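Protein chains in written order, with my numbering: chain R, 1 to 440; chain W, 441 to 880; chain F, 881 to 1320.
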Amino acid sequence: MLFKKHLLTAAIGLSLSFSVQASELETLINMLHENGMVTDEQYGRLMGELAENKATKEQEKAEINEKLAEATKPSDIEISTNGGLSLKTRDGQFSTKVGGRLQVDAAAYGGSPDMGDGTDIRRARLYISGELYRDWGYKLEYEFDNDSITDAFISYDGFENYQIMAGHFKDPFSLDYMISANNTMFMEQALPTAFNAGRHMGLMGARNSQYWTLAAGLFGDTVGNTGGAEDEGWGWSSRGTLSPVNEPGKVVHIGLGLNYRDLQPSNEVRFSQAPESGVSGVRIVDTSTLTNADTMLKTGLEFATVMGPFTAQAEYIRTSVERDNISDADFDGWYLQSSYFLTGESRPYKNGVFGGIKPDRRVGDGGIGAWEVAMRYSSLDFNDGAIEGGEADSMTLGLNWYPVPMLRFSANYVHVLDVDGGTFDGQEPDVFQVRSQWAF
Amino acid sequence: MLFKKHLLTAAIGLSLSFSVQASELETLINMLHENGMVTDEQYGRLMGELAENKATKEQEKAEINEKLAEATKPSDIEISTNGGLSLKTRDGQFSTKVGGRLQVDAAAYGGSPDMGDGTDIRRARLYISGELYRDWGYKLEYEFDNDSITDAFISYDGFENYQIMAGHFKDPFSLDYMISANNTMFMEQALPTAFNAGRHMGLMGARNSQYWTLAAGLFGDTVGNTGGAEDEGWGWSSRGTLSPVNEPGKVVHIGLGLNYRDLQPSNEVRFSQAPESGVSGVRIVDTSTLTNADTMLKTGLEFATVMGPFTAQAEYIRTSVERDNISDADFDGWYLQSSYFLTGESRPYKNGVFGGIKPDRRVGDGGIGAWEVAMRYSSLDFNDGAIEGGEADSMTLGLNWYPVPMLRFSANYVHVLDVDGGTFDGQEPDVFQVRSQWAF
Amino acid sequence: MLFKKHLLTAAIGLSLSFSVQASELETLINMLHENGMVTDEQYGRLMGELAENKATKEQEKAEINEKLAEATKPSDIEISTNGGLSLKTRDGQFSTKVGGRLQVDAAAYGGSPDMGDGTDIRRARLYISGELYRDWGYKLEYEFDNDSITDAFISYDGFENYQIMAGHFKDPFSLDYMISANNTMFMEQALPTAFNAGRHMGLMGARNSQYWTLAAGLFGDTVGNTGGAEDEGWGWSSRGTLSPVNEPGKVVHIGLGLNYRDLQPSNEVRFSQAPESGVSGVRIVDTSTLTNADTMLKTGLEFATVMGPFTAQAEYIRTSVERDNISDADFDGWYLQSSYFLTGESRPYKNGVFGGIKPDRRVGDGGIGAWEVAMRYSSLDFNDGAIEGGEADSMTLGLNWYPVPMLRFSANYVHVLDVDGGTFDGQEPDVFQVRSQWAF
């Protein structure tokens, strides 16, 4: 009997390792048994019931835990929206993003030449982008304002930090152009944007890391140029950047870009530029069409730094057009711009470009958003030998207000200091313009 | 000992306020102790175990409740689809809606002049719209049929009942034009739609309440007009409505609209109108281009009422064109239309416009959808002094079938009663046209 | 007392049918009562407490189970993404799908005539489609590359296996054209694609089953043709297919198509064809514009078979143009193409067309994707009597790689064996072209 009792105790001891439930009842029964209040027969029956009920309760608890685990496990797909729509499968295999942007401008002009006051939708885009089976990416973006495809590509992202892209996208060249137009310091890029390399159909490889980036690609023509009997133009472009200092609020960036294009089949090229304003189409400097143009090579130097709320950014771009039986044409331009966040934010930097601003304290949440003041000096020279396209210098003051992430309101005042040469020689237009923007 | 026992009882009493579990065991132990079946030492041990186990069980229950609360709490994002796609964060901060519309028409013409029978996609649109941080709104809609941006704006909705909008949207003017083209009584708006104010780039403030609305805005040009050296045209528009009676199925609406435009830089304007049909482009009345036109002012009076299944709607619009060195031109038009739902539905009304019809009993759910019969008389006068654009009167019969919400099938018969003056003087074309529509 | 005890036992017995909890305590109490350790009064009190606590526990368990049921029930909307975005309500009433495609091509040409090497976005589309109230369907798809609406319709699917469509979609005619351009064996359809019936505004009925399909519709004009004073062209089209063998990996398909068009109002028609390449616009055979053309009738014969990894497909199309006062013109063409999956996949077949390929073993999941080699012979004859548009024969070799579902990379080599007649008589261009594609 003693033996049996010990056996039972041992068995119950095992159960207790799962649960301490009912142990006081067990203790009581043992005491009563020891005190002789229940017979051995009764004691055995009680212990049997005790063990049985313990097992039942354990099972019930296990079932509840299982259901709770099922009920509280994260869903397979994560959805989020902060403008647009974003899906992600939790296994990291797929994602989809639907987004867009709208930039609505109004501008008033002073001085000469005459430029028409008015309004404009500067950009109105929608895109779908995503990831397929973790390693593949895709994007299709359309600009509704001028009915054109912007980004349209397929990418392979299976090698860490490397990306291979095929389709239509920006030639890697020029810091200010590589920055999304949603995130530039001013409403319009600086005068040397006249030398932007644009988007072309191409195949590109890129390497991104914290301290340097390198991108190089081979490019055909712009999308939309229907092919005829002549070969399309082609080119290559590459851009490398170094950021020896790259931490939040502290960045030093230098970059070098090279962009080459064969100008067939038209063998023509033309550069022109507006006074950093998109509403009126008037261009204050213009090389007119350069014929007999075989190839052109653009070289760009980039410098930028972030020190807390302060950003400085500068670029120099030189373009050489090689011409048949005519002396080559060389044009260049540069700008220096800087800004300061009155509300203390820092311009974010990643993969060789600046990103979008998120205010520290949102409007509607006790804050006044982010406020940024900015200043720029730009210069562009289209005069070279017999070509007198004009040289322009301009000064811009800017104010950006980011009440909440995804929204931005800007006011820019541009004063053209001088146009030297070309049709508008000696004229000094002023621009006052404002923009409302959502982008996500 | 007694003291100790009372202390224990007190302690247990506290526990019991959380849970009554095991209290019968406690009672038993107390009884046995009182009956002298367990010793004081044993009693103390039992009570200790009892308290300990009680605590363990309380903790287990709390854990289960916590997990259950987590598992049954509503998700952060609500998704719904009844055509298109709708997301909303449960905190009311963000929402996203992707939707569109398609209107597919076929028309056959009789009488003279010759109008080409055929088919047409009348509207094919997609949009994305939503809310950002509760107080901000956005929309971008594109019309694929004629490759144009329709709505594209950013809005501030942070003041209750007020809305401030910047971007491209309808000038507030004319009831029938303010009603979404998905929800108009007939396939095409009445003849005076020739005076619609259209969409422009602008800045507008609006106030909506149950019994009145007021909207006023300053507008630039239509989007897509690239700016040149001349200033763009501009204008202002305002519309106020009163609805002294406004409850489901019972509405009285009166409205007044004023719309002014400076016609620079072209200083031209032209009005023309088709016989309330969109498939053939033939226009039966046409002022031809009026030159030397400086400004124009449109005035509109609106009246509408809903009495159960019955709707009546009428408008009068007058347009005065001020011309340089030429006498001003005045044109006007009016219509009266009414409809009756054979299946008993009422036309919904909100914020100064009519909304879409939801059938009481859907097809596929035991019903026949909503059936509406409608009749209209329209008149438009383009004759004024030397200008003989023609005057037209027309009568329209309409039948609308809404089998389920989001879908609509319409058949319209238009008989032009008379064209008086202009190229088509004396002619009386007939139109029979049908439309299939989805919209959400 | 005994009676009372039995009553209590009966009551407890009922409770026990819900739960066996605390029964060992009950047993103990009964034993102690029997042994005379607790008085009858004490026994009654204990039993009362026991029953009360049991009820409380039952209620707690029921609450937990209810919450668990709520927490683990499936959500009302299922979301999935494998590229794009897909929603479905679990009651089967609604679904929404947002998807698209991108085809990026590069081509190099050899031989004569001169054709310009280059790149092209062949297709870049987005669509939204879905179901409304189970029985109704909708779709709107836009081609961004040439700014045109492709599919835009409303459908009724309430009759099993039947579908009624109204809107803009493909005339049912020709197997290779009915197959989505995402899924064709080669980058471009065969030479007889010159006779494709295209998309028109129309009303169509279709019947799909495993062993046969039939579709017939009445069609107006292409969307975008603005109506004038003349009636638009119209036509009818029908296609029937038989698949006496139709199981996975084993298909025999025969088809017959008839397509008629009234060529008003222009009474003109022109056929031309490129050498199965989309980058250069040069067309090697071309009937020039045929005037006085009243109507045309196209007849097509289809044959296809699948035997495991092997697919063969052939079509013959004849087009007869009836001309006023001029002898009728008859043109025809045919092709035979076949492919073999080196990796063992079979081309899927459903509703009279071939579908998209899903590789058995994905890249990134231990596989190399699906690899398909293909060969084609095409012939097209535009010579008839006085009309010498040219006759062309070409041979194509193709290689398709499907690394994962939704992605496809293709390389095609086309050799034109001969052009006989027409502007390019005797010339034999070569084409080497590649494509990158995502589609979902």
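All C-beta atoms in this analysis are idealised placements derived from N, C-alpha and C, irrespective of residue type, glycine included.
Nothing here was measured: the structure is a model prediction, and the numbers come from that model.
- For N945(F), there is no enclosing beta strand (DSSP E); the enclosing alpha helix (DSSP H) has its first and last residue at D920 to T952.
- Excluding five sequence positions before and after Q437(R), the CB atoms of its chain that fall closer than 6 Å to its own CB belong to Q103 and R408, given in chain order.
- The beta carbon of Y1140(F) lies closer than 6 Å to those of G1115, W1116 and L1177 in the same chain, with the five residues before and after it left out.
- Looking at the DSSP output, L1287(F) shares a beta bridge with W1318(F).
- Across the set K497(W), V709(W) and A832(W), the C-alpha of V709(W) shows the shortest separation from the C-alpha of A637(W).
- Taken in chain order, the members of the stretch 506-517 of chain W whose beta-carbon sits within less than 7 Å of a beta-carbon on chain F are L508, A511 and T512.
- Contacts with chain R (Cβ-Cβ distance below 8 Å) from the stretch 572-597 of chain W involve L572, Y573, R574, D575, W576, Y578, L580, Y582, D587, I589, A592, F593 and I594, listed in chain order.
- Contact between the stretch 1183-1193 of chain F and the stretch 1225-1238 of chain F is present: three or more C-beta pairs spanning the two stretches fall below 8 Å.
- K250(R) and G355(R) have their C-alpha atoms roughly 14 Å apart.
- Where M178(R) is concerned, the enclosing alpha helix (DSSP H) starts and stops at L175 to M178.
- Note that the C-beta distance between D381(R) and E391(R) is below 8 Å.
- D117(R) sits close to D671(W), with the two beta carbons spaced by under 8 Å.
- Straight through space, the alpha carbons of S338(R) and N246(R) are spaced by roughly 18 Å.
- For P1124(F), the three-state secondary structure derived from DSSP is strand.
- DSSP, read as helix, strand or coil, puts E302(R) in strand.
- Among the residues of the stretch 839-873 of chain W, those with a Cβ less than 7 Å away from any Cβ of chain F are V844, M846 and L847, in the order of the chain.
- Taking a contact as a CB-CB distance under 8 Å, the pair R1003(F) and E1023(F) counts as one, their CB atoms being some 6 Å apart.
- Neighbourhood of D971(F) in chain W, by CB distance below 7 Å: empty, with the nearest CB roughly 12 Å away.
- Residue contact check for I1001(F) against chain R: a CB pair falls below 8 Å.
- Comparing alpha-carbon positions, the option among W136(R), T287(R), G344(R) and N325(R) lying closest to T319(R) turns out to be T287(R).
- Judged by their CB atoms, G111(R) and E372(R) are not nearer to each other than the 8 Å cut-off.
- Interface criterion not met: the Cβ of E1068(F) is under 8 Å from no Cβ in chain R.
- Looking at the DSSP output, G1047(F) shares a beta bridge with F1033(F) and G1082(F).
- Contact annotation for D997(F) against chain R: D231 and E232 [CB-CB distance below 7 Å, chain order].
- M47(R) and T72(R) have their C-alpha atoms spaced approximately 37 Å apart.
- As the crow flies, the alpha-carbon of G130(R) is around 16 Å from that of F169(R).
- Within a 10 Å sphere around the beta-carbon of T681(W) sit 16 or more other beta-carbons, which makes this residue buried.
- Our two residues, A630(W) and E1040(F), have alpha carbons roughly 41 Å apart in a direct line.
- For a cut-off of 8 Å, the C-beta gap from G806(W) to R1014(F) is around 14 Å, too long to register as a contact.
- Using beta-carbon distances, E503(W) does not count as an interface residue toward chain F, since no partner is under 8 Å.
- Around G278(R), the same chain offers D105, D120, R122 and E188 as residues with beta carbons nearer than 7 Å, after the five sequence neighbours per side are excluded.
- The beta carbon of N183(R) does not come within 8 Å of any beta carbon belonging to chain W, so the residue lies off that interface.
- Pairing M115(R) with F880(W), the inter-Cα distance amounts to about 42 Å.
- DSSP places I128(R) inside the beta strand (DSSP E), whose first and last residues are G118 to L132.
- Within 10 angstroms of the beta-carbon of D764(W) lie fewer than 16 other beta-carbons, which makes it exposed.
- At least one CB of chain F lies nearer than 8 Å to the CB of A166(R).
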